[in-house]
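Protein chains: 2
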Amino acid sequence: MMNTAPLKVAVLGCGVVGTEVVRRLHTSGPALAGRIGAPVELVGIAVRDTRRRRDLDVDPGLWTDDPLALVKRGDIDIVVELLGGTEPARALAVAAMEHGAGVVSANKALLAEHGPLLHETAAVHGVDLLYEASVAGAVPLLRPLRDSLGGDRITRIVGIVNGTTNYVLDRMTETGGGFAAALHEAVDHGYAEADPTADVEGLDAAAKAVILASLAFHTRVPPTAVHREGITEVTAVDVADARDLGRVVKLVTVLERAVGQDDVLLRVHPAMVARAHPLADVRGADNAVLVEAADAGPLLFRGAGAGGVPTSSAVLGDLVTAARRRVLGHRGAAPQAAVKQTASVAGPRSRHHLRVPVTDAATALDDVAAVLRSGGVGIGTVHRRRAAGQEALVLLTKDTDDATLRTALEAVAALPCVSAAPRSMRLLDAEEGR
Amino acid sequence: MMNTAPLKVAVLGCGVVGTEVVRRLHTSGPALAGRIGAPVELVGIAVRDTRRRRDLDVDPGLWTDDPLALVKRGDIDIVVELLGGTEPARALAVAAMEHGAGVVSANKALLAEHGPLLHETAAVHGVDLLYEASVAGAVPLLRPLRDSLGGDRITRIVGIVNGTTNYVLDRMTETGGGFAAALHEAVDHGYAEADPTADVEGLDAAAKAVILASLAFHTRVPPTAVHREGITEVTAVDVADARDLGRVVKLVTVLERAVGQDDVLLRVHPAMVARAHPLADVRGADNAVLVEAADAGPLLFRGAGAGGVPTSSAVLGDLVTAARRRVLGHRGAAPQAAVKQTASVAGPRSRHHLRVPVTDAATALDDVAAVLRSGGVGIGTVHRRRAAGQEALVLLTKDTDDATLRTALEAVAALPCVSAAPRSMRLLDAEEGR
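Same order as they appear, the protein sequences are chains R and L. Counting from 0, one number per residue, gives the positions in the first sequence under numbering that gives the first Met the number 0. Counting from 0, one number per residue, gives the positions in the second sequence under numbering that gives the first Met the number 0.
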């Protein structure tokens with residue numbers, strides 16, 4: 000059955016993304032109607048302060064500061080939730096679905112924290128729940144994972160999914176400067192928020208990892224179970240060491256299946272990425288995600304990861320998809336595939352870069368190597384480096400788990416020839432990208 | 000309404016891809032059932048010769064040499080069409096839909112030639128028509144174009160969508176040898192068919208361009224209207240010239256909107272691609288497609304473009320998608336968005352590489368440059384080259400249309416200082432990839 004009556008859309012939140020979405024609903028009406036098969040009518044925009052002047056030419060009667068009343072009207076077809084954060088976004092999304100509306104969201108915190116509840120609610124009420132914009136901005140990634148790869152077995156995902164940290168690390172690489180200066184610059188240029196904690200501590204990337212895991216591995220992981228290291232401790236010396244090794248420091252998000260187990264390991268951490276890896280040349284606020292599937296092999300998705308205009312593209316794509324289904328009379332949401340609760344294990348095995356400050360590199364090497372080896376840390380290559388007047392040994396380890404490395408490094412730090420605390424960073428090698 | 004009775008699937012064709020699809024339906028049954036919400040039952044495999052031994056452990060009663068009877072059974076939920084070619088694939092797909100089955104196809108020739116008819120049939124009978132595997136193999140591309148970018152305005156697509164030609168050009172680049180030897184090698188290694196015409200003449204890429212245009216631009220272009228140049232005329236000297244210019248020869252497929260018009264230009268041709276362009280490092284039989292959208296910006300999709308196993312991933316993804324909708328009781332296919340008939344104009348403007356063999360480069364330059372300029376061809380940079388004992392001028396032009404260039408080159412060829420026919424190849428610059 001075809002329904003060509005106008006589809007009623009409500010938008011919650013009118014920040015950077017919301018403004019662009021409202022603008023496009025206004026200006027692209029005929030094009031969208033052609034693709035959907037029915038016109039789209041914007042019936043309300045919920046904001047905190049309706050008196051604030053906005054650069055949008057819309058009917059003043061659309062503004063409201065009562066989002067709950069808006070989603071409970073009962074005649075809304077699609078609610079676009081762009082508030083961010085978990086509350087009141089969760090309560091509003093649930094109320095919208097209970098009142099028969101499909102929900103389109105760009106809210107990664109909401110989906111990471113309450114994805115299972117929201118999917119259940121959508122299935123019970125037979126409405127759509129779509130959130131392509133919540134991970135990797137404009138890059139079409141969630142729909143390919145859920146649908147295109149729905150008959151395959153995804154084995155590993157490694158990506159750069161936070162544009163702010165990528166911009167900061169990029170600037171550190173380009174200028175040779177430290178973290179604080181690069182972050183300051185990112186805030187100045189609008190690439191970082193005034194409170195950048197969620198980005199630089201990896202919380203944003205961890206939320207995205209949880210969403211990706213639910214679609215790729217059909218598994219529920221609480222955001223707190225993601226192994227997480229931010230970039231606040233990355234130094235100019237780390238960045239310089241990476242460059243000397245033909246690498247570049249990136250904040251990577253890795254999802255992989257534990258060998259021989261059903262468990263999924265999720266981790267967010269800085270890594271020295273080999274230049275030949277497809278993630279190494281991802282610049283500025285771009286995002287890129289490498290998905291490895293048993294049959295499809297490695298697939299790369301890359302594009303703009305943030306910004307109001309690119310993100311509005313993903314939101315509108317979901318809106319068009321949900322609207323088309325309404326027009327066709329499809330009221331049932333696909334239920335989430337059999338979801339398995341899983342514990343994420345921290346401390347996966349990796350190769351590491353080690354920098355060990357020493358009083359005399361020539362004489363220290365034997366002692367340092369012996370302590371590492373007896374601690375169970377295999378050594379690949381060794382370099383001698385001098386930076387900021389400090390002599391140091393730079394060693395690349397073989398695959399090592401976190402606990403073994405930590406214990407061995409404590410023993411190294413206690414050696415008389417070692418002049419300061421050793422540093423370590425994981426490596427991401429080129430062959431992990433093919 | 001949920002329907003959890005087994006879904007009946009018929010497979011037409013059991014070649015390289017069909018074998019892998021049947022194998023996975025057999026071995027991945029429980030995983031697929033979990034994601035679909037109902038078990039999948041393979042009820043028939045149509046092949047030309049049922050007596051041929053195949054390495055598949057399936058019920059012998061499934062084989063049939065009567066595909067029409069199979070698709071007309073009336074109880075089939077999904078027909079997977081893997082025959083290739085336009086007939087009898089078209090007739091069988093139509094019959095399948097008329098008898099209530101959704102159709103999943105990997106057949107680019109079928110969709111390029113009969114896409115509009117098939118979409119109409121699907122809409123009339125309320126069944127799904129999905130064909131992700133028809134372009135770029137395992138790379139999820141069609142679903143993102145149709146759905147994820149459904150609210151955006153796609154402005155340009157440039158891609159490498161034919162693995163055979165990419166492999167051949169790769170080998171020419173690596174060995175410095177000619178086309179014939181590289182093609183021979185491709186046939187030997189199974190990267191090219193015994194009759195490679197469709198690949199090397201660009202017919203395969205042109206069919207894919209038509210499919211991409213229908214989804215990206217909502218327009219119908221007959222495959223014959225695609226401007227098409229194959230790779231059979233590419234020489235070792237072209238490849239060497241490209242390398243000297245920091246470029247690499249690729250067969251590119253370009254879709255773009257004519258400036259200020261609604262017309263869409265589709266073209267397939269060899270190009271000297273700048274090393275910094277994201278398509279330059281696509282190796283072997285891989286595919287990569289760069290999609291530019293007004294809001295999303297440039298998006299890159301990359302992965303395995305061919306092969307039985309990767310392609311089966313895309314086929315199964317479509318099968319799972321169509322099956323999920325059946326389970327949910329969704330019988331309506333989304334109609335194709337308002338499709339506009341459009342003529343594709345050949346001869347778009349490009350920068351070109353020119354190689355002009357001359358008797359004496361020092362004295363010839365003035366004459367050659369004067370003739371080109373008076374013919375309306377702007378000249379960017381000029382190099383002097385010697386290859387295979389032949390002196391030549393290598394010039395990079397400014398943007399020029401095909402007709403202007405051809406006329407000017409005829410005048411250049413008539414110059415007394417020009418010792419052999421000039422050659423030309425289009426350029427694809429790095430800034431066209433960002």
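C-beta atoms are modelled at their ideal positions from N, C-alpha and C, and glycine is treated no differently. Quick caveat: nothing in here was measured; it's all calculated off a predicted structure.
- By the Cβ-count criterion, R51 of chain L is exposed, with fewer than 16 other Cβ atoms from all chains shown falling within 10 Å of its own Cβ.
- Between L168 of chain L and L250 of chain L, the CB-CB gap stays under 9 Å.
- Counting C-beta pairs closer than 8 Å gives fewer than three between the segment 63 to 72 of chain L and the segment 283 to 299 of chain L, which falls short of the contact rule.
- Of all residues in the segment 142 to 156 of chain L, those with a C-beta nearer than 7 Å to a C-beta of chain R are R142, P143, D146, S147, L148, G149, G150 and D151, reading in chain order.
- Of all residues in the segment 307 to 336 of chain R, the ones placed with a Cβ closer than 7 Å to any Cβ belonging to chain L are V308, P309, S311, S312, A313, L315, G316, L318, V319, T320, R323, L327, G328, H329, G331, A333, P334 and A336, in chain order.
- Only exposed fits A193 of chain L, as fewer than 16 other CB atoms lie within 10 angstroms of its CB.
- Contact annotation: A322 of chain L and I35 of chain L have beta-carbon atoms nearer than 9 Å.
- One thing to note: N161 of chain L has its Cβ no nearer than 9 Å to the Cβ of A111 of chain L.
- A straight-line Cα-Cα distance of about 11 Å links G304 of chain R and P297 of chain L.
- DSSP, read as helix, strand or coil, puts E291 of chain R in strand.
- Where R324 of chain L is concerned, there is no enclosing beta strand (DSSP E), although the alpha helix (DSSP H) around it starts and stops at G307 to V326.
- Secondary-structure assignment with DSSP links P269 of chain R through a beta bridge to R:L250.
- In this chain, the alpha helix (DSSP H) harbouring A121 of chain L covers K107 to H124.
- Between H118 of chain L and R89 of chain L, the C-beta spacing is not below 9 Å.
- Note that the segment 270 to 280 of chain R touches the segment 419 to 428 of chain R; at least 3 beta-carbon pairs, one per stretch, sit closer than 8 Å.
- Proximity of S27 of chain L to chain R, defined by a Cβ-Cβ separation below 9 Å, is satisfied.
- Put simply, the segment 56 to 65 of chain L does not touch the segment 74 to 84 of chain L. Fewer than three CB pairs are less than 8 Å apart.
- Contact of L299 of chain R with chain L by beta-carbon distance below 7 Å involves L299, R301 and G302.
- Between A402 of chain L and the set L:L371, L:E80, L:M171 and L:A4, the nearest pair of CA atoms involves L:L371.
- As DSSP reads the structure, R242 of chain R sits in no beta bridge.
- Against chain L, a Cβ distance below 8 Å from L31 of chain R picks out G150.
- Each residue's CA atom was taken as its position, placing G377 of chain L and A239 of chain L some 24 Å apart.
- Any Cβ of chain R closer than 9 Å to the Cβ of V8 of chain L would place that residue at the interface, and such an atom is absent.
- The C-beta separation of V134 of chain L from L67 of chain L comes to about 27 Å, leaving the pair out of contact by the 8 Å criterion.
- Taking a C-beta distance under 9 Å as the contact criterion, G307 of chain L and T320 of chain R do not qualify as a contact pair.
- Less than 9 Å divides the Cβ of L82 of chain R from the Cβ of L11 of chain R.
- Within a 10 Å sphere around the beta-carbon of T164 of chain R sit 16 or more other beta-carbons, which makes this residue buried.
- Comparing alpha carbon positions, the residue from R:D151, R:E97 and R:R145 closest to G125 of chain R is R:E97.
- DSSP places A208 of chain L inside the alpha helix (DSSP H), whose first and last residues are L202 to A215.
- Not a single C-beta of chain R is nearer than 9 Å to the C-beta of A94 of chain L.
- Per DSSP, G304 of chain R lies in no alpha helix (DSSP H) and is assigned neither H nor E.
- DSSP, reduced to helix, strand and coil, places L395 of chain R within a strand of the structure shown.
- Close to chain R, meaning a Cβ-Cβ distance shorter than 7 Å, are the following residues of the segment 118 to 144 of chain L: E131, A137, V138, P139, R142 and P143.
- Fewer than three Cβ pairs drawn from the segment 128 to 144 of chain L and the segment 168 to 186 of chain L lie within less than 8 Å of each other, which leaves the two stretches out of contact.
- Among the residues facing chain R, E80 of chain L is not included, as its CB has no counterpart in that chain under 9 Å away.
- Per DSSP, the unbroken alpha helix (DSSP H) holding G28 of chain R starts and ends at G28 to I35.
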